[in-house]
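S.K.:
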Amino acid sequence: METAENTKNELVLRMEDKYEKMSKGQRRLADYVRENYDKAVFLTAAKLGETVGVSESTVVRFAIQLGYKGYPEFQKALEELVRTKLNSIQRMEVTYGRISQSEILETVLNSDIEKIRQTLAVIDHRAFDLAIETILNARKIYVIGIRSCAPLASFFSFYLNLVCDDVTPVTTNSSSEIFEQLIRIGEEDVIIGISFPRYSMRTLKALEFASNRKAKVITLTDSIHSPMNLYSSCNLIARSDMASIVDSLVAPLSVVNSLIVALCMKKQEEVISTLETLEDIWGEYQVYSGDELNPVSASLPGEEAEDE
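Position one of the sequence shown corresponds to residue 555 (the working numbering), numbered consecutively onward.
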């Protein structure tokens with residue numbers, strides 16, 4: 555199976571398909587974009603035209619001929635091309651090589667805010683509702699996320715366990731271990747696969763395994779074109795930002811939070827009962843007394859003795 559690294563990008567396919575029917579100016583644009591996508595992604599329509607030697611209107615017509623509504627939509631497709639073509643170090647150099655050290659905090663936080671906005675604009679509410687119902691009706695729930703997605707899977711599993719009866723976070727030290735943990739998965743179960751570029755082949759194989767055994771498959775990934783969606787009937791799309799060496803998964807975490815809240819609202823009585831039981835257990839076994847500080851009334855060790 556081809557991975558995202560060697561599968562041709564949609565923009566590239568469109569340019570290849572339309573190339574023979576393009577004007578000379580449009581062909582120059584296509585050639586430049588293919589060879590210099592890492593530079594073209596930051597150019598306005600006017601600047602791209604000036605760089606290639608054509609008018610701004612030619613650039614706009616070029617975008618429309620490729621099937622995009624206008625230059626902004628074409629530029630988003632170009633960003634996707636950059637994301638899939640460049641490795642982590644190159645993405646960091648292209649994106650953050652243009653800003654000063656003092657601007658990093660503001661730039662990164664604003665980028666995360668924008669990813670949440672984009673996610674809100676594109677997420678399928680019907681898919682979100684279907685995910686909730688599928689999880690609630692499942693006999694057993696498996697959650698898998700590998701590498702940078704592992705914290706998301708762990709966080710999701712922790713809170714799912716407070717809401718649902720049988721939750722298994724799939725540990726991922728090796729492929730064989732994954733299949734051993736999924737050996738009893740069946741049509742009454744659901745697996746939730748979380749993966750963002752670079753996509754995990756182990757996660758993909760786990761979803762394929764579960765799908766072959768008629769289990770329900772829910773995916774949380776970055777695009778409708780993600781290979782994670784091959785085996786899924788419920789696709790949740792959250793924008794990620796792979797522009798730097800650190801994967802920004804703020805928007806996917808927001809979707810996970812939304813799923814947890816929605817599940818809790820559907821099972822309010824059970825969740826309240828579970829939390830009350832846990833509070834009793836935590837108190838009886840002093841789970842938190844020596845481990846965590848109360849954020850409201852905590853004092854530092856030794857302060858009580860000094861006050862007496």
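Ideal placement from N, C-alpha and C gives every residue a C-beta, glycine not left out.
This one's a predicted model, so the numbers in the text were calculated from it and none came from an experiment.
#1: For L635 versus L714, is the C-beta spacing smaller than 8 Å?
#2: For K759, does the three-state DSSP call read helix, strand or coil?
#3: Secondary structure at C788, three-state DSSP: helix, strand or coil?
#4: Look up L774 in the DSSP assignment and say whether it is helix, strand or coil.
#5: State the start and end residues of the unbroken alpha helix (DSSP H) segment that holds Y586.
#6: For I814, which residues from the same chain have a beta carbon less than 6 Å from its beta carbon, with the 5 sequence-adjacent residues on both sides left out?
#7: CA-CA distance, A764 and L790?
#8: Assuming R701 and G740 make a contact with CB atoms under 8 Å, what is their CB distance in whole Å?
#9: Over what stretch of residues does the beta strand (DSSP E) that includes G699 continue unbroken?
#10: Helix, strand or coil for Q619? Go by DSSP, reduced to three states.
#11: According to DSSP, is G603 part of a helix, a strand, or is it coil?
#12: Assuming Q614 contacts L602 (C-beta within less than 8 Å), just tell me the rounded distance between them.
#13: Relative to the C-alpha of S787, which candidate in A681, Q580, Y591 has its C-alpha closest?
#14: Please identify the residue among S794, L706, F733, A692 whose C-alpha is closest to the C-alpha of V721.
#15: E564 by DSSP, collapsed to three states: which one?
#16: As a quick exercise: from A792, K821, R588, E833, pick the residue whose alpha carbon is nearest that of R671.
#17: Would L620 and Y591 be called neighbours here (beta carbons separated by less than 8 Å)?
#18: DSSP three-state call for I689: helix, strand or coil?
#19: Identify every residue that forms a DSSP beta bridge with I745.
M.R.: Reading from the atomic positions:
#1: Sequence index remark: in the sequence shown, residue 635 carries index 81 (1-based). Sequence index remark: in the sequence shown, residue 714 carries index 160 (1-based). Going by C-beta atoms, L635 is not nearer than 8 Å to L714.
#2: The residue you call residue 759 lines up with position 205 of the sequence shown. K759: helix per DSSP, three-state reduction.
#3: By one-based count along the sequence shown, residue 788 stands at place 234. Strand.
#4: The residue given as residue 774 occupies position 220 in the sequence shown. Residue state, collapsed to three classes: strand.
#5: One-based indexing of the sequence shown puts residue 586 at position 32. Its alpha helix (DSSP H) spans residues 578 to 589.
#6: Walking along the sequence shown from the start, residue 814 turns up at place 260. Excluding residues within five positions, the ones whose Cβ falls inside 6 Å are Y713.
#7: Here residue 764 refers to the residue found at position 210 of the sequence shown. Here residue 790 refers to the residue found at position 236 of the sequence shown. If you take the alpha carbons of A764 and L790, they lie about 18 Å apart.
#8: Along the sequence shown, read from residue 1 onward, the residue named residue 701 stands at position 147. Along the sequence shown, read from residue 1 onward, the residue named residue 740 stands at position 186. A Cβ-Cβ separation of about 28 Å leaves R701 out of contact with G740 under the 8 Å criterion.
#9: Residue numbering aside, residue 699 sits at position 145 when the sequence shown is read from its first letter. Its beta strand (DSSP E) spans residues 695 to 699.
#10: On the sequence shown, residue 619 is found 65 positions in, with the first residue counted as 1. Helix.
#11: Within the sequence shown, residue 603 is the residue found at index 49, counting from 1. The answer is helix: DSSP assigns G603 an H, G or I state.
#12: On the sequence shown, residue 614 is found 60 positions in, with the first residue counted as 1. On the sequence shown, residue 602 is found 48 positions in, with the first residue counted as 1. Looking at the sequence shown, residue 614 is not Gln but Val. Not quite, the Cβ-Cβ distance comes to about 10 Å (not below 8 Å), so this is no contact.
#13: Here the question's residue 787 lines up with position 233 in the sequence shown. Check the Cα spacing between S787 and each of A681, Q580, Y591: the tightest is with A681.
#14: Locating residue 721 in the sequence shown gives position 167, where the first residue counts as 1. Answer by Cα proximity: A692.
#15: Numbered from 1 along the sequence shown, position 10 holds the residue referred to as residue 564. Helix, per DSSP.
#16: The residue you call residue 671 lines up with position 117 of the sequence shown. It is A792 whose Cα lies nearest to the Cα of R671.
#17: Taking the first residue of the sequence shown as position 1, residue 620 is located at position 66. Taking the first residue of the sequence shown as position 1, residue 591 is located at position 37. Their beta carbons are not under 8 Å apart, which means L620 does not touch Y591 by this criterion.
#18: Position 135 of the sequence shown, counting from 1, holds the residue named residue 689. I689 falls in the helix class under three-state DSSP.
#19: Your numbering for residue 745 matches position 191 in the sequence shown. Residue pairing by DSSP places I745 opposite Y696, V771 in a beta bridge.
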